[in-house]
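Student: Those letters in the sequence shown? Residues 13 to 340, per the numbering used here, in order. The following block contains the structure, expressed as structure tokens.
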Amino acid sequence: MGSALITIDTEYSHGLYQKNPSMDWRENYARSISCETADGDVGIEYQMDIFDQYGMKAVFFVDPMPALLFGQESIDAIVHPILERGHEVQLHIHSEWLSTFSQKISDRYFGTTPFFAHHMHMLPYEMQKRVIEAGCDILVKAGAPRPTAFRAGNYGANDDSLRALADMGIKYDSSFCPAILNSACQINLPPDQWQPIYHHGVIEMPIGAISGPSGTQRHAQITAISAREIFDALNHAVYLGRHHFIIVSHSFELLSRNRKKINHIVRRRFEKACAMIADIDDLDIVTFANMPDPMVGHQIDEILPHNPARTIERVAEQIVGNILYGNG
13 MGSALITIDT EYSHGLYQKN PSMDWRENYA RSISCETADG DVGIEYQMDI FDQYGMKAVF
73 FVDPMPALLF GQESIDAIVH PILERGHEVQ LHIHSEWLST FSQKISDRYF GTTPFFAHHM
133 HMLPYEMQKR VIEAGCDILV KAGAPRPTAF RAGNYGANDD SLRALADMGI KYDSSFCPAI
193 LNSACQINLP PDQWQPIYHH GVIEMPIGAI SGPSGTQRHA QITAISAREI FDALNHAVYL
253 GRHHFIIVSH SFELLSRNRK KINHIVRRRF EKACAMIADI DDLDIVTFAN MPDPMVGHQI
313 DEILPHNPAR TIERVAEQIV GNILYGNG
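What follows is the structure in structure tokens.
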């Protein structure tokens with residue numbers, strides 16, 4: 013037996029806001045959350061349609077911080093449909109938004125002047141606690157249960173982030189992605205820590221991965237590995253009896269880079285991956301709310317070994333995707 017979590021980082025675009033601060037939040041929603049195009053929508057509603065088709069429940073890591081700029085309605089619009097369709101909402105924070113808030117908001121929530129922090133680890137410990145608490149309050153106000161899991165934007169957490177989460181009563185973190193070299197993550201864990209581990213008061217749930225050529229790894233994200241690689245990685249996890257393999261995607265993952273049209277290659281990959289996952293015997297797709305307790309500290313170092321044929325298939329697919337959708 014094995015289990016996996018399908019997680020969707022669900023977030024407004026700070027980049028779109030920077031380019032056009034006067035843009036209505038509904039337009040940002042249309043390009044980042046619902047992902048509307050002339051050929052149809054491929055955002056969270058579409059993704060939930062596919063999950064529902066295969067009887068899966070996903071975890072949506074929702075970034076609530078834009079509510080302090082756009083208003084609570086902007087987060088209600090995300091959280092309500094997720095909950096209504098039986099999926100899970102957890103906490104995601106992109107600290108870049110802190111620089112956009114008014115002096116009044118910054119004073120009220122954080123006791124400071126507006127400032128820029130590209131990653132959570134750039135914030136002092138006490139400030140991280142305030143940001144996490146504000147994020148939890150916004151999600152709860154939108155109707156979500158109080159979060160029990162967290163993922164930092166850009167994986168940019170550190171050990172202080174975990175201590176802050178523990179102080180806030182949040183049980184799980186999923187910001188550690190060992191397959192990405194030189195990432196923004198500064199959590200002090202070894203690069204082969206693939207299984208859940210108790211660390212600074214929380215259970216760290218590393219992002220899944222597969223082996224690549226020449227000793228490299230690829231993290232388990234829809235745009236990073238193929239449907240076949242996801243399928244084989246999960247079968248490998250089942251074979252090892254490994255639980256809590258974490259797959260990552262984003263609300264906008266199925267769009268072209270400029271978020272104006274559907275990336276049909278990634279969309280097909282997403283659909284194919286869901287169909288293939290549903291056919292894996294002895295694999296449970298779980299959420300943080302219903303998963304069995306992790307075997308904390310139980311270390312299985314082996315991830316799916318590299319297979320050149322799989323790599324060639326993915327690289328060819330990605331070359332075509334970059335040509336067709338890389339610049340829009």
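Every residue, glycine too, gets a C-beta built ideally from N, C-alpha and C. Since the model is a prediction, treat every value here as computed from it, not as a measurement.
Does the region 169-189 come into contact with the region 206-220, if we say contact requires no fewer than three beta-carbon pairs (one atom in each stretch) closer than 8 Å?
Tutor: Touching, yes.
Student: Taking the alpha carbon of residue 225 as the reference point, which residue from 77, 321 and 26 has its own alpha carbon closest?
Tutor: Measuring from the Cα of residue 225, the nearest candidate turns out to be 321.
Student: Are residue 288 and residue 256 close, meaning C-beta to C-beta below 8 Å?
Tutor: In this structure, residue 256 does not lie closer than 8 Å to residue 288 by Cβ.
Student: With which residues is residue 262 paired in a DSSP beta bridge?
Tutor: For residue 262, which the question treats as bridged, DSSP gives the partners 21.
Student: Rank 179, 98 and 107 by C-alpha distance to the C-alpha of residue 64 and give the top, closest one.
Tutor: When only C-alpha atoms are compared, the closest one is 98.
Student: Tell me which residues share the same chain as residue 26 and place their Cβ nearer than 7 Å to its Cβ, disregarding the 5 neighbours each side in the sequence.
Tutor: Within the same chain, residue 26 has close Cβ partners 106, 108 and 109.
Student: Which residues mark the beginning and the end of the beta strand (DSSP E) in which residue 214 is found?
Tutor: Residue 214 -> beta strand (DSSP E) spans 214-216.
Student: Tell me the DSSP secondary structure of residue 48 in three-state form.
Tutor: Reduced to three states, the DSSP call for residue 48 is strand.
Student: Whole-angstrom Cβ separation of residue 295 and residue 248, contact assumed at under 8 Å?
Tutor: That pair is no contact at about 11 Å.
Student: Using the Cβ count rule (16 or more neighbours within 10 Å means buried), how would you classify residue 340?
Tutor: Bear in mind that the predicted position of residue 340 carries a pLDDT of just 42, short of 50, making it unreliable; the figure below should be weighed with that in mind. Exposed, by the Cβ-count rule.
Student: Nearest-angstrom Cα distance between residue 324 and residue 337?
Tutor: Taking the straight line from one Cα to the other gives about 20 Å.
Student: My assumption, with CB atoms under 8 Å, is that residue 18 sits in contact with residue 71. Please give the rounded CB distance.
Tutor: About 7 Å separates the two Cβ atoms, so the contact holds.
Student: With DSSP as the reference, identify every bridge partner of residue 308, one or two as the case may be.
Tutor: For residue 308, which the question treats as bridged, DSSP gives no partner whatsoever.
Student: Going straight from the alpha carbon of residue 111 to that of residue 149, what length do you get?
Tutor: Rounded to whole angstroms, residue 111 to residue 149 spans 20 Å at the Cα level.
Student: Please report the residue range of the beta strand (DSSP E) in which residue 105 lies.
Tutor: Element bounds for residue 105: 100-105.
Student: So, at 6 Å on beta carbons, what are the nonlocal neighbours of residue 126 in its own chain, with the 5 sequence-adjacent residues on each side left out?
Tutor: Around residue 126: 111, 113 and 118.
Student: Looking only at its chain, what residues have a beta carbon closer than 6 Å to the beta carbon of residue 290, apart from the 5 residues adjacent to it on each side?
Tutor: Here the set comprises 66.
Student: Ordered along the chain, which non-local residues of its own chain (more than five positions away) have a Cβ less than 6 Å from that of residue 87?
Tutor: Around residue 87: 76, 79, 150 and 154.
Student: Does DSSP put residue 43 in a helix, a strand or coil?
Tutor: Reduced to three states, the DSSP call for residue 43 is helix.
Student: Are the beta-carbon atoms of residue 21 and residue 260 separated by less than 8 Å?
Tutor: Yes, they are a contact pair.
Student: Can you check whether the CB of residue 250 is closer than 8 Å to the CB of residue 222?
Tutor: No, Cβ-Cβ distance for residue 222 and residue 250 is not below 8 Å.
Student: Alpha carbon to alpha carbon, how far is residue 177 from residue 159? Give it in angstroms, no decimals.
Tutor: Their backbone Cα atoms lie some 10 Å apart in a straight line.
Student: Helix, strand or coil: how does DSSP classify residue 323 here?
Tutor: Correct three-state label for residue 323: helix.
Student: Could you pull out every residue in the same chain whose Cβ sits closer than 6 Å to the Cβ of residue 231, ignoring the five residues on either side in sequence?
Tutor: Closer than 6 Å at the Cβ level, and outside the excluded window around residue 231, lie 189, 191, 192, 219 and 221.
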